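Participant: Number 89 in the UniProt record's numbering belongs to position 89 of the sequence shown; there are no gaps in the numbering. Quick one: this structure, given as structure tokens, is what I'll be asking you about.
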Amino acid sequence: MFKVTPNPPVTDPASPYESADSKKFHEAAERALDHYLGPTNADLMATPYSPNTLYMANPQANTESLLADASETLGSATVMLNNHAAQVEGTHRKTLQGIAQVVMVAEMAVNRVLDRLVPTE
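Next comes the structure, spelled out in structure tokens:
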């Protein structure tokens with residue numbers, strides 16, 4: 001019977017730290033990988049969340065105003081995505097239409113909350 005996968009190559013069981021230089025090289029490589037690949041998920045989850053205060057909603061703004069602004073922003077994003085989707089073809093068009101639908105659903109949720117907060121009747 002034919003074996004689909006080949007046998008793994010024979011490797012030398014020697015330690016990667018045969019000398020002090022190889023250990024330093026390995027540590028430098030690890031630092032470079034950590035720098036370029038970024039922190040691990042555990043590091044990210046351990047970091048406390050602190051919101052960016054550069055673009056922050058006015059703390060004195062009332063809930064109705066914030067929800068109305070969010071609804072208008074989401075509606076504008078839906079229109080922009082649909083306009084851009086009309087100019088492209090293929091999978092990019094479908095991707096943009098999918099994103100537009102997600103934004104539209106978020107707009108509908110915000111509008112529902114706004115309707116519950118301020119009844120239209």
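Where is the CB? At the ideal position from N, CA and C, for every residue including glycine. Remember, predicted model here, so these are calculated numbers, not experimental data.
#1: In the segment 39–112, which residue ranges form an unbroken alpha helix (DSSP H) of at least 4 residues, counting only runs that do not cross its ends?
#2: Within its chain, find whatever has a CB closer than 7 angstroms to the CB of residue 75; leave out the 5 residues flanking it on each side and keep chain order.
#3: If residue 88 and residue 81 are in contact, beta carbons under 8 angstroms, what's the gap, nearest whole angstrom?
#4: In chain order, what residues of the same chain lie with their CB nearer than 6 angstroms to the CB of residue 100, ignoring the 5 residues before and after it?
#5: Could you tell me the alpha carbon to alpha carbon distance between residue 112 and residue 103, rounded to whole angstroms?
Facilitator: Put simply:
#1: 41–46 and 63–85
#2: 107
#3: Actually they are not in contact, since the Cβ atoms of residue 88 and residue 81 sit about 11 angstroms apart, beyond 8 angstroms.
#4: Cβ within range, chain order: 78, 81 and 82.
#5: 14 angstroms
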